[in-house]
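Chemist: Below is one structure. I have some questions about it.
Okay, structure coming up:
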């Protein structure tokens, strides 16, 4: 967060040098507005994460999405990421909740990567109208194996980095 | 924009209501503790999101989209793929910006494998999304691990695109 804060400070200074105080204030008001707009969604995402952490039975999650869930766990993670509704304000709190209830890095990586690459939300709302149907479908077909492969690679490296399990 | 935002809000709060009902069926204690947990997460995350949202506007203002389009250029081959991947990670702004730059690159003669690599890299590593969303919500170790593990895949996508050809 310190790094990000420094980056923001440098960028804001550059904007100020280039566009003066008006430029700085214009971006600030726009972003404050955006911030107010997404706050309720962030709250909804956090509540979703809270409910999932309480409702999902831990043993069941760690069996189907845990370190020894095999290919099936990666496929479940991929499918879950692809059908998850909403935007980043749901995907990341839900992914964090899955981690706390026993999903391993591999299955969670599969879920997050699947959400960004084959989640229908962004593809339908933005990619189809801008890049066209042919390109979008072609891109999604090419992307299909990536979540499972990324999850598998994550698992493969994870057990070699932390042979005794995740350090806390 | 407003219609899709409305649909997003309805599905989102609908899911919250359904899961909340399920939690309530497990008993009041479950409902109360999950709502408390969710609210605590929210309170912890608000300042970080504030920094991300307000800050990334400035970062985006410093990197104009023309710079990114320039990087994507029509030159093909693996060097083009590499530039496309870096450009994808450096692209600021929301989904409109990333996809529009991809569309512009296709129009000005960028190769399809390069544009695929760009879109995939942008989906995987766009710094603004990582700063704004992924790092505040997820354990930092997970985010770096996820990003590191994802590095080969824009290249893989470009390779597949080269093999199977254009649509």
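Chains as they are written, first to last, in the working numbering: chain A, 592 to 759; chain B, 0 to 166.
C-beta atoms are modelled at their ideal positions from N, C-alpha and C, and glycine is treated no differently.
#1: Are the CB atoms of residue 146 (chain B) and residue 115 (chain B) nearer to each other than 7 Å?
#2: Are the C-beta atoms of residue 676 (chain A) and some chain B residue less than 7 Å apart?
#3: So which residues of chain A does residue 107 (chain B) contact, with C-beta pairs closer than 9 Å?
#4: Run the CB neighbour count on residue 0 (chain B), radius 10 Å, all protein chains shown included, and call it buried at 16 or more, exposed below.
#5: According to the neighbour-count rule (16 or more other Cβ atoms, all chains shown, within 10 Å of its Cβ), is residue 708 (chain A) buried or exposed?
#6: Does the ligand FAD have a heavy atom nearer than 6 Å to the CB of residue 108 (chain B)?
#7: Residue 776 (chain A) touches chain B at which residues, Cβ-Cβ below 9 Å?
#8: Determine the direct distance from the alpha carbon of residue 627 (chain A) to that of residue 54 (chain B), and round the result to whole angstroms.
#9: Using alpha carbons as the reference points, say which of A:702, A:687, A:661 and A:660 lies closest to residue 674 (chain A).
#10: My output table needs one value for residue 25 (chain B): the three-state DSSP class, helix, strand or coil.
#11: Pick helix, strand or coil for residue 694 (chain A), following the three-state DSSP scheme.
#12: With C-beta atoms as the reference, is residue 650 (chain A) less than 7 Å away from residue 29 (chain B)?
#13: Counting beta carbon pairs with one atom in the segment 633-644 of chain A and one in the segment 659-666 of chain A, are three or more of them shorter than 8 Å?
#14: DSSP state of residue 651 (chain A), grouped into three classes?
#15: According to DSSP, is residue 125 (chain B) part of a helix, a strand, or is it coil?
#16: Any residues in the segment 619-637 of chain A with a beta carbon nearer than 9 Å to a beta carbon of chain B? Which ones, in chain order?
#17: Evaluate contact between the segment 112-126 of chain B and the segment 18-36 of chain B, counting only Cβ atoms and requiring at least three cross-stretch pairs below 8 Å.
#18: Taking 7 Å as the CB-CB cut-off, is residue 746 (chain A) touching chain B?
#19: For residue 34 (chain B) and residue 46 (chain B), I'd like the C-alpha separation in whole angstroms.
#20: Would residue 700 (chain A) and residue 672 (chain A) be called neighbours here (beta carbons separated by less than 7 Å)?
#21: Where in the segment 58-119 of chain B do unbroken runs of the alpha helix (DSSP H), each at least 4 residues long, occur, reported from the N-terminal end onward?
#22: Could you work out which residue in B:164, B:41, B:20 and B:61 is closest to residue 196 (chain B) when comparing CA atoms only?
#23: Could you name the residues of the same chain whose beta carbon sits closer than 7 Å to that of residue 681 (chain A), not counting the 5 residues immediately before and after it, in chain order?
#24: Using a Cβ cut-off of 7 Å, which residues of the segment 108-127 of chain B contact any Cβ in chain A, in chain order?
Modeler: According to the structure shown:
#1: Looking up residue 146 (chain B) in the second chain gives position 147. Looking up residue 115 (chain B) in the second chain gives position 116. Remark: C-beta atoms of residue 146 (chain B) and residue 115 (chain B) do not approach each other more closely than 7 Å.
#2: Counting from one through the first chain, the residue named residue 676 (chain A) turns up at place 85. At least one chain B Cβ lies under 7 Å of residue 676 (chain A).
#3: Within the second chain, the letter at position 108 stands for residue 107 (chain B). Contact of residue 107 (chain B) with chain A by beta-carbon distance below 9 Å is absent, the smallest such distance being about 14 Å.
#4: Along the second chain, read from residue 1 onward, the residue named residue 0 (chain B) stands at position 1. Bear in mind that a pLDDT of 47 at residue 0 (chain B), under 50, signals an unreliable position, so the model cannot answer this.
#5: Locating residue 708 (chain A) in the first chain gives position 117, where the first residue counts as 1. Residue 708 (chain A) comes out buried.
#6: Absence of the ligand FAD is noted for the structure shown, with no ligands found whatsoever.
#7: For chain A, the structure presents residues 592 to 759; residue 776 (chain A) sits outside this window and is missing.
#8: What you label residue 54 (chain B) is simply residue 55 of the second chain in a count that begins at 1. What you label residue 627 (chain A) is simply residue 36 of the first chain in a count that begins at 1. If you take the alpha carbons of residue 54 (chain B) and residue 627 (chain A), they lie about 15 Å apart.
#9: Position 83 of the first chain, counted from the start, is the residue given in the question as residue 674 (chain A). Per the Cα distances, A:702.
#10: Against the second chain, residue 25 (chain B) aligns to sequence position 26. Here residue 25 (chain B) sits in coil by DSSP.
#11: Here residue 694 (chain A) refers to the residue found at position 103 of the first chain. Correct three-state label for residue 694 (chain A): coil.
#12: The residue given as residue 650 (chain A) occupies position 59 in the first chain. The residue given as residue 29 (chain B) occupies position 30 in the second chain. A distance of 7 Å or more separates the beta carbons of residue 650 (chain A) and residue 29 (chain B).
#13: Contact between the segment 659-666 of chain A and the segment 633-644 of chain A is absent, because fewer than three Cβ pairs lie under 8 Å.
#14: Position 60 of the first chain, counted from the start, is the residue given in the question as residue 651 (chain A). Residue 651 (chain A) sits in a helix when the DSSP states are folded into three classes.
#15: The count along the second chain starts at 1 and reaches residue 125 (chain B) at position 126. Coil at residue 125 (chain B), not helix or strand.
#16: For the segment 619-637 of chain A, the residues whose beta carbon sits under 9 Å from a beta carbon of chain B are, in order, 619, 621, 622, 623, 625, 626, 628, 629, 630, 631, 632, 633, 634, 635, 636 and 637.
#17: Not touching, per the Cβ criterion.
#18: To locate residue 746 (chain A), count along the first chain from 1; it is residue 155. By this cut-off, residue 746 (chain A) is not an interface position.
#19: Within the second chain, numbered from 1, the residue matching residue 34 (chain B) stands at position 35. Within the second chain, numbered from 1, the residue matching residue 46 (chain B) stands at position 47. Rounded to the nearest whole angstrom, the C-alpha separation of residue 34 (chain B) and residue 46 (chain B) is 20 Å.
#20: Within the first chain, residue 700 (chain A) is the residue found at index 109, counting from 1. Within the first chain, residue 672 (chain A) is the residue found at index 81, counting from 1. No; because the gap between Cβ atoms is not below 7 Å, this pair is not in contact.
#21: Runs of the alpha helix (DSSP H) lying entirely within the segment 58-119 of chain B, each at least 4 residues long, are 64-71, 76-89 and 94-106 in chain order.
#22: Residue 196 (chain B) falls outside the range modelled here, since chain B spans only 0 to 166, and no answer is possible.
#23: Residue numbering aside, residue 681 (chain A) sits at position 90 when the first chain is read from its first letter. 636, 639 and 675.
#24: Hits within the stretch, in order: 115, 118, 119, 122 and 123.
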